[in-house]
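Reading through the structure tokens given below for one structure.
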Amino acid sequence: MGTVVQLKNQINDSYFQLKDSVEEKLFLNPEEKIKSKLSSDVQLVQKMTDYHIETGGKRLRALLTLGSAKLCGYSKGSRDINLAACVELIHSATLMHDDVIDEGLLEEVKKL
Numbered sequence: 001m002g003t004v005v006q007l008k009n010q011i012n013d014s015y016f017q018l019k020d021s022v023e024e025k026l027f028l029n030p031e032e033k034i035k036s037k038l039s040s041d042v043q044l045v046q047k048m049t050d051y052h053i054e055t056g057g058k059r060l061r062a063l064l065t066l067g068s069a070k071l072c073g074y075s076k077g078s079r080d081i082n083l084a085a086c087v088e089l090i091h092s093a094t095l096m097h098d099d100v101i102d103e104g105l106l107e108e109v110k111k112l
């Protein structure tokens, strides 16, 4: 019989290895680009933006984007950071849209 390997440990190790390999790019902070692009004069949008930024997360999509750029040999400039921020922006937008839809559905259920 073979050995059982804990997949969770392997996933965690892989995540940290990837994060360490792009640490210099993370230092340039795609998070700040995301925050500046999501700012809004509309109070509700700004409130949702602040919530999603503050809750953070692993930013796995940004890590995968930066890791892919590194694997493809991209090392000059900041286009990879801009793309990583864009990917996170799209993800954040879908989360915010989902929150709006869920709130709308909740209001419809309350009317019933």
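According to the numbering used here, the residues represented by the sequence shown are 1 to 112, in order. Glycine included, every Cβ here is placed at the ideal spot set by N, Cα and C.
Under 8 Å between C-beta atoms of residue i and residue j
i, j, result
"T65", "D80", "yes"
"K76", "S21", "no"
"L18", "G73", "no"
Where residue i falls, given that 16 or more other Cβ within 10 Å makes a residue buried
i, result
"S92", "buried"
"L63", "buried"
"V87", "buried"
Host alpha helix (DSSP H) of residue i (start-end)
i, result
"R61", "L60 to L71"
Proximal residues to residue i (C-beta, below 6 Å), its chain only, five neighbours per side dropped
i, result
"I53", "K35"
"D13", "none"
"A84", "P30, A62, T65 and L66"
Residues near residue i by beta carbon distance below 8 Å, same chain, minus five either side
i, result
"L89", "I34, K37 and L38"
"Y15", "K58, L60 and L63"
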